[in-house]
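Following: one structure in structure tokens, then a few remarks.
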Amino acid sequence: MLVETVREFIVSELQPLEEEIEHSGMLDPDLAEDIKKKSLQLGLFAMNVPKTFGGVGLSTLDWILAEEQFGHTTDILIRRAFGNVYDILFEGTQEQVERWLLPCVRGDRVFSVAFTEPEAGSDAASIRTRAVKNSGGWCISGKKHFISDGAFSDFFVITAVTDPEQGQRGISTFIIDKNTPGVT
């Protein structure tokens, strides 16, 4: 039944929008919000999120079967309709879960993973973004690009080198609000 519900939602709600998005190159924010609301009403939003965090809590098999249907429309529509909640936030502290994860599961916030860099691509060992601890927290400098959902995001999960001597083990992950001074 889940697969049929997902398929029907894609056919009736998302596929009719594909031509407009392909032509304009963007998705109207009001339309994106409407898509999300319909998905929430049907219980299709944040399907990959465990019930303990307020998600649908699909089994791995059911999630794979749902994702198989995602191939029948464009990525930007899939992200708006079914949520953009990556597993990395499941591992946060209770405070981080409440501040960052739960609003995403409810559809109140969107985030992106900012990993790819102009000079390094997606090669983790070659990233150049640096994070240095100081008395006020962390100072992060570097460039990320090709961030899926960047325009819709309220915050970003980014990777940065914190200990260059450790190679890939010296890479850390940070959560950065889009309104943080210096984020462009």
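Residue numbering for the sequence shown follows the working numbering, starting at 32 and increasing by one per position.
Glycine residues also receive a C-beta, built at the ideal position from the N, C-alpha and C atoms.
Classification of residue i by the beta-carbon crowding that lies within 10 angstroms, buried from 16 upward
i, result
"residue 164", "exposed"
"residue 100", "buried"
"residue 168", "exposed"
"residue 170", "exposed"
"residue 63", "buried"
"residue 148", "buried"
"residue 240", "The requested residue 240 does not occur in the structure, where the chain is confined to residues 32 to 215."
"residue 42", "exposed"
"residue 95", "exposed"
"residue 162", "buried"
Near the ligand MG: residue i beta-carbon under 8 Å from a heavy atom
i, result
"residue 98", "In the structure shown, the ligand MG is absent, as is every other ligand, since no ligand is present at all."
Inter-residue spacing [alpha-carbon to alpha-carbon] between residue i and residue j
i, j, result
"residue 177", "residue 68", "27 Å"
"residue 78", "residue 90", "9 Å"
"residue 208", "residue 188", "9 Å"
"residue 214", "residue 56", "24 Å"
"residue 118", "residue 193", "22 Å"
"residue 71", "residue 166", "42 Å"
"residue 46", "residue 202", "40 Å"
Cβ shell of residue i (< 7 Å), same chain only, five flanking positions each side left out
i, result
"residue 199", "155, 156"
"residue 60", "none"
"residue 74", "87"
Distance between beta carbons of residue j and residue i, contact taken as under 8 Å
i, j, result
"residue 151", "residue 40", "At roughly 37 Å, the Cβ-Cβ gap does not stay under 8 Å, so residue 151 and residue 40 are not in contact."
"residue 115", "residue 142", "7 Å"
Residues sharing a beta bridge with residue i, DSSP
i, result
"residue 202", "192"
"residue 68", "Looking at the DSSP assignment, residue 68 forms no beta bridge with any residue, so it has no partner."
"residue 161", "172, 192"
"residue 144", "188"
Residues near residue i in its chain [Cβ-Cβ closer than 6 Å; skip 5 each side]
i, result
"residue 81", "88"
"residue 134", "140"
Min CB distance residue i to chain C below 9 Å
i, result
"residue 164", "Included in the structure is just one protein chain, with no chain C present."
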